[in-house]
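A quick write-up on the structure given underneath.
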Ligand code: HAM
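Numbering (our numbering), first residue to last: 14 to 447.
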């Protein structure tokens with residue numbers, strides 16, 4: 014018996030997925046609201062390449078950050094360049110800011126973006142290898158009002174989309190002056206507790222003790238309760254900066270929660286950090302809808318002058334999951350079909366193709382099912398699409414220059430000259446609007 018040849022099939026790579034037509038409305042909706050609100054708050058759109066020189070991220074985000082250490086897609090080109098698929102947008106935007114000399118423009122330079130990012134993570138709920146973010150960055154402004162405005166603009170994107178049940182976690186992680194001191198305090202606190210920490214935390218203790226706060230293991234979480242809190246160790250400048258942000262957030266009634274354990278995983282942060290968390294999520298820190306903070310040293314690390322900056326980025330996938338779970342209503346993006354073109358025979362089909370083009374120029378929405386030959390089947394499609402009128406061009410009409418105009422609600426039909434078809438529809442549309 015002849016052996017069956019196995020046919021090779023393909024699937025989207027692990028951690029990636031296709032955005033199929035029924036889901037496109039969520040993407041369009043988020044992008045629309047982000048664009049509208051970003052523009053309102055004075056942010057201009059920027060797009061950067063999806064890959065960059067790899068050292069941009071390792072220097073910008075920090076060699077010990079998890080993203081750089083474990084999650085970057087790095088590859089060598091034939092020419093020998095070491096590139097990385099962007100794991101986030103902030104470093105690329107800081108690079109573009111420097112490359113294009115944007116520091117001479119009026120500051121702060123406020124930019125927004127939206128697009129795919131790449132991290133090699135184990136795929137799980139709300140965690141993908143190719144995922145999508147939108148974000149806001151305000152570069153060249155140290156005043157706390159910029160932090161508050163980024164948070165405020167993002168908050169209103171969520172509200173405008175109809176997402177509820179989330180809050181804003183905020184903390185200050187200090188600056189170059191006060192953070193090293195707190196690091197020492199934290200280390201000396203944990204030194205005597207080392208034996209009681211899990212193996213991951215033992216490593217965190219050595220490499221980056223702030224990450225001790227991220228641990229989800231019960232004994233480590235319990236030990237956290239007695240740990241010193243950075244708020245008490247902030248220098249005067251950081252303390253005042255943070256106080257002002259909270260006052261701005263109070264003023265605008267934003268639902269924030271002080272979280273002394275929030276440090277965020279990227280090394281470029283200083284002073285403010287924030288995350289948007291879901292209220293009913295058992296592990297909200299692992300499913301943050303977005304987050305960000307100040308990165309006053311990043312531009313300098315990348316070769317520029319010291320430049321204060323603040324921003325945040327938000328995950329499309331998690332937002333869409335919540336929109337679906339909360340049954341958020343999405344306004345219909347497809348305009349309602351007014352006219353359906355039905356045809357019988359090759360000549361009629363040709364005429365209908367041309368007629369469709371004429372309708373497009375008038376702005377009247379038309380649909381067709383040119384692949385179908387039975388008029389009955391085409392009328393069924395017209396009905397399903399909710400067309401108000403059907404123009405039927407049979408073999409006879411194609412030859413004698415007439416066309417049948419059928420009103421779907423009543424079934425009434427009349428025969429009119431083909432060249433009057435658009436005019437007739439326009440008249441009926443106008444009469445309906447009266
Ligand atoms: P991030 O916290 O790494 O920050 O990412 C921001 C958001 O992107 C997360 O809260 C989450 O919603 C989404 N996200 C991250 N990784 C994944 C993933 N693997 N799958 C699905 N969604 C994900 C940043 O990226 C910073 N650049 C934010 C920022 C802007 N800071 C200052 N400016």
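Even for Gly, the Cβ is constructed at its ideal location relative to N, Cα and C.
Residue i vs residue j beta-carbon contact at 8 Å
i	j	result
residue 110	residue 97	no
residue 48	residue 174	no
residue 133	residue 140	no
residue 291	residue 302	yes
residue 400	residue 351	yes
residue 136	residue 27	yes
residue 309	residue 155	yes
residue 276	residue 226	yes
residue 214	residue 233	yes
residue 46	residue 40	no
residue 428	residue 417	yes
residue 151	residue 286	no
residue 355	residue 377	no
residue 265	residue 116	no
residue 228	residue 248	no
residue 311	residue 107	yes
residue 419	residue 402	yes
residue 160	residue 347	no
residue 314	residue 72	yes
residue 220	residue 77	yes
residue 164	residue 284	no
residue 129	residue 176	no
Proximal residues to residue i (C-beta, below 8 Å), its chain only, five neighbours per side dropped
i	result
residue 481	Here the chain comprises residues numbered 14 to 447, so residue 481 is not present and cannot be evaluated.
residue 450	The chain is shown from 14 up to 447; residue 450 falls before or after that span and cannot be answered.
residue 206	236
residue 361	406, 407, 408, 410 and 411
residue 208	none
residue 398	350, 353 and 380
residue 74	80, 81, 100, 101, 104, 279, 280 and 281
residue 66	94, 95, 96 and 97
Neighbourhood of residue i by C-beta, 6 Å cutoff - its chain only, sequence neighbours within 5 removed
i	result
residue 168	267
residue 55	123
residue 317	111
residue 382	391 and 394
residue 288	182, 301 and 304
residue 126	59, 102 and 148
residue 385	391
residue 223	276
residue 230	211
residue 61	105 and 109
Residue i - DSSP class collapsed to helix/strand/coil
i	result
residue 369	helix
residue 129	strand
residue 66	strand
residue 391	helix
residue 12	Within the shown structure, residues of the chain are numbered from 14 to 447, placing residue 12 beyond reach of any answer.
residue 57	strand
residue 285	strand
residue 142	coil
residue 44	helix
residue 185	strand
residue 123	strand
residue 269	strand
residue 239	coil
residue 322	strand
residue 307	strand
residue 73	helix
residue 356	strand
residue 343	coil
residue 298	helix
residue 444	helix
Contact set for residue i: own chain, Cβ-Cβ below 7 Å, skip 5 residues either direction
i	result
residue 88	96
residue 157	254, 257, 258 and 261
residue 430	414 and 415
residue 273	184, 242, 243 and 244
residue 179	171, 289, 290, 291, 292 and 302
residue 194	246
residue 372	352, 379 and 435
residue 84	100, 132, 133 and 134
residue 38	343 and 346
(request) State whether the region 264 to 278 contacts the region 147 to 158, with contact taken as three or more CB pairs (one from each stretch) at a distance under 8 Å. (result) no
(message) Tell me whether the region 296 to 313 and the region 200 to 217 touch, counting them as touching only if at least three CB pairs, one residue from each stretch, are closer than 8 Å.
(response) no
(message) Would you call the region 328 to 335 in contact with the region 367 to 383, where contact means no fewer than 3 C-beta pairs closer than 8 Å?
(response) no
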